[in-house]
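Numbers 1 to 534, taken from full-length UniProt numbering, label the letters of the sequence shown in order. By construction, the Cβ of each residue, glycine as well, lies at the ideal position given by its N, Cα and C atoms.
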Amino acid sequence: MESRNASFFEEVFPCLKKELPSSSTPVDEIVHDEDQEQLEAEKVEPRRSKRQRIEKSFGPDFLTYMVKGEPQTYLDAVTSSEGPQWKEAIKNEIDSILQNHTWELVDLPPGCKPLGYRWIFKRKMKADGSIDKYKARLVIKGFRQKEGVDYFDTYSPVTRITSIRLVLAIAALRNLEVHQMDVKTSFLNGDLEEEIYMEQPEGFSAPGQEGKVCKLVKSLYGLKQAPKQWHQKFDQVMLNNGFKINECDKCVYVKNTMRGYVILCLYVDDMLIVGSDDKMIKSTKDMLKARFDMKDMGLADVILGIKINRTQYGLVLSQSHYVDKILEKFNEGDTSVAQTPVDTTQHLSKNRGEGVAQLEYSRIISSLMYLMTCTRPDLAYAVSRLSRYTTVIEGYSDANWISDMKDSKSTSGYVFTLGGAAIAWKSSKQTLIARSTMESEFIALDKAGEEAEWLRQFVAQSAMYNGKSRHIRRRHNTIRQLLSMGVISIDYVRSKDNIADPFTKGLSRELVHKSSRGMGLKPFEQVCTKENLS
């Protein structure tokens with residue numbers, strides 16, 4: 001299946017009028033990791049809210065395994081061997097917060113309880129794996145917020161990695177420059193409408209006002225609504241300056257003028273800017289600098305952990321240093337090289353015995369999954385196949401048939417476990433009258449089946465899009481409609497020439513190499529050698 005280049009790009013990016021050539025851009029590897037924490041919710045005294053509630057759906061959450069740890073507390077950071085670097089990072093964070101007028105010191109109103117905070121520390125890495133800079137982030141304990149009082153809507157989109165690859169491919173095909181900017185303390189720019197209080201941060205209590213608390217005026221990292229407020233603010237700025245939001249990806253902005261065009265991709269606080277000429281790029285940068293505290297990083301070098309190299313053959317995307325870290329972390333000294341992603345002689349089956357290193361296995365798959373999703377399509381089938389054995393949820397169902405002589409209804413019960421811990425359970429009286437023990441067991445099993453289906457949807461699929469339709473007829477209708485509109489055309493391709501073949505099965509070494517070349521994948525050493533020779 002191949003798309004009609006001209007009509008597709010003109011619809012998605014109206015500024016691109018001429019048909020793009022049918023060539024591909026070589027792609028290699030990636031990861032984007034975020035420091036995340038699972039915290040238990042605590043009850044908080046209600047606070048006043050001036051916002052009208054608007055119900056919205058929530059998008060999926062993604063967790064990527066961290067391959068290297070950072071200090072966990074303020075004390076750990078300032079007393080470590082890297083203490084001077086972390087102290088400088090902490091000072092920069094506090095300076096940004098105070099300059100942005102994020103809070104004001106007030107007495108805590110009666111009946112209110114301030115939220116706590118935590119310092120999050122992270123080393124930002126260069127493309128070669130060395131440390132670029134130290135970052136400290138003051139994060140409020142938003143897990144204690146109460147829905148309907150402290151926050152309402154929380155959903156905020158980020159650009160798809162597919163959009164980033166698409167824009168980079170356009171830049172490579174048209175020989176356009178790709179620039180990068182970073183928004184300093186992006187979440188602090190969102191305007192806050194709820195009334196929220198926080199304890200003064202350790203080491204930075206105002207002299208003589210130690211008993212006061214911080215009343216937040218603007219969003220702070222950790223607040224449940226902070227991402228939404230930031231994205232809402234950024235949307236408003238872009239629209240006010242002549243940009244249009246791409247309807248296919250709400251974090252892609254396009255501006256088309258008589259002088260030229262510019263495309264901007266936003267991923268939280270990182271952005272790529274591609275323009276028809278230097279003037280369009282510069283005017284966009286100047287506009288952003290006037291509205292936000294920005295860092296101009298010049299020509300894009302690394303975005304979300306992807307290294308971007310420009311060669312005479314196009315743009316090369318890679319993250320070899322992340323692959324090295326994965327191998328160092330999980331490979332345990334095994335330096336042998338696999339000839340293909342999948343060994344076609346191996347037949348996998350579910351382990352019926354006791355689980356072995358299930359957590360470690362899940363971490364390996366998680367690390368590979370992000371790599372595969374972003375820039376390594378040749379690993380797609382292998383990771384997909386292996387991931388089927390990561391999350392094993394076990395369920396137990398039972399029924400007690402009319403144990404109470406005064407009640408003619410039975411009792412159902414179920415419990416589901418993951419990794420040996422209970423994650424869902426219920427005990428309830430059945431709504432139907434069972435005439436036998438077997439009937440009561442069936443009724444209980446039906447309720448457990450409903451919960452099992454929900455849990456499966458939760459761990460395996462996205463609420464935004466799960467790639468499935470309810471009936472095959474709907475799929476047929478969709479394809480027919482796309483064909484009739486001229487969006488797609490369908491041609492027969494022999495299996496040996498179909499570069500989608502490795503996404504469905506393991507292939508021989510020869511076919512793996514052939515399909516990889518068809519997708520623009522090349523060994524990193526080969527790309528480097530080619531560039532050196534040129």
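Mind checking residue i: buried by the 16 CB within 10 Å criterion, or exposed?
i, result
"residue 369", "buried"
"residue 155", "exposed"
"residue 480", "exposed"
"residue 73", "exposed"
"residue 331", "exposed"
"residue 181", "buried"
"residue 106", "exposed"
"residue 376", "buried"
"residue 185", "buried"
"residue 167", "buried"
"residue 99", "exposed"
"residue 521", "buried"
"residue 246", "buried"
"residue 169", "buried"
"residue 515", "buried"
"residue 493", "exposed"
"residue 383", "buried"
"residue 372", "buried"
"residue 284", "buried"
"residue 432", "exposed"
"residue 183", "buried"
"residue 109", "exposed"
"residue 189", "buried"
"residue 249", "buried"
Taking the straight line between their C-alpha atoms, what separation do you get for residue i and residue j?
i, j, result
"residue 237", "residue 302", "25 Å"
"residue 208", "residue 91", "20 Å"
"residue 358", "residue 121", "28 Å"
"residue 218", "residue 103", "7 Å"
"residue 321", "residue 415", "43 Å"
"residue 288", "residue 294", "7 Å"
"residue 273", "residue 240", "18 Å"
"residue 344", "residue 334", "21 Å"
"residue 323", "residue 145", "38 Å"
"residue 201", "residue 79", "17 Å"
"residue 545", "residue 83", "Since the first and last residues shown for the chain are 1 and 534, residue 545 lies out of range."
"residue 452", "residue 426", "12 Å"
"residue 299", "residue 231", "24 Å"
"residue 336", "residue 385", "22 Å"
"residue 204", "residue 192", "23 Å"
"residue 484", "residue 160", "28 Å"
"residue 467", "residue 251", "In this predicted model, residue 467 has a pLDDT of only 41, less than 50, meaning its place in the structure is not dependable; the value taken from the coordinates is given anyway. So the two alpha carbons sit approximately 21 Å from each other."
"residue 211", "residue 116", "14 Å"
"residue 326", "residue 147", "39 Å"
"residue 363", "residue 141", "26 Å"
"residue 388", "residue 163", "27 Å"
"residue 112", "residue 429", "40 Å"
"residue 307", "residue 366", "20 Å"
"residue 503", "residue 487", "23 Å"
"residue 319", "residue 171", "20 Å"
"residue 153", "residue 220", "15 Å"
"residue 282", "residue 255", "13 Å"
"residue 346", "residue 455", "30 Å"
"residue 123", "residue 269", "16 Å"
When DSSP labels each residue in this structure, what does residue i get in the three-state scheme?
i, result
"residue 418", "strand"
"residue 449", "helix"
"residue 478", "helix"
"residue 196", "coil"
"residue 413", "strand"
"residue 87", "helix"
"residue 80", "coil"
"residue 497", "helix"
"residue 427", "strand"
"residue 490", "coil"
"residue 95", "helix"
"residue 29", "Since pLDDT at residue 29 reaches only 35, below the 50 mark, its modelled position is unreliable, and the value read off the structure follows with that caveat. Three-state DSSP puts residue 29 in coil, outside helix and strand."
Residue ranges of each alpha helix (DSSP H) within the region 98–184, 4 or longer
Secondary structure in the region 98–184: the alpha helix (DSSP H) runs of 4 residues or longer, each lying completely within the stretch, are 161–173 in chain order.
Could you tell me which uninterrupted beta strand (DSSP E) segments, each at least 3 residues in length, are contained entirely in the region 247–333, listed from first to last along the chain?
Scanning the region 247–333 for uninterrupted beta strand (DSSP E) segments of 3 residues or longer gives 252–256, 261–267, 270–275, 294–299, 306–311 and 314–318, listed from N- to C-terminal end.
For a minimum of 3 consecutive residues, which ranges assigned as the beta strand (DSSP E) are wholly contained in the region 212–247?
Entirely contained in the region 212–247, the beta strand (DSSP E) runs reaching 3 residues are, in chain order, 213–216.
Quick check on the DSSP output: what are the complete beta strand (DSSP E) runs of length 3 or more inside the region 376–400, in order along the chain?
The region 376–400 contains these whole beta strand (DSSP E) runs: 393–400.
Validate contact between the region 122–136 and the region 81–100 using beta carbons, cut 8 Å, 3 pairs
Yes, they touch.
Quick one: any contact between the region 211–229 and the region 249–262, if contact means 3 or more CB pairs under 8 Å?
Touching, no.
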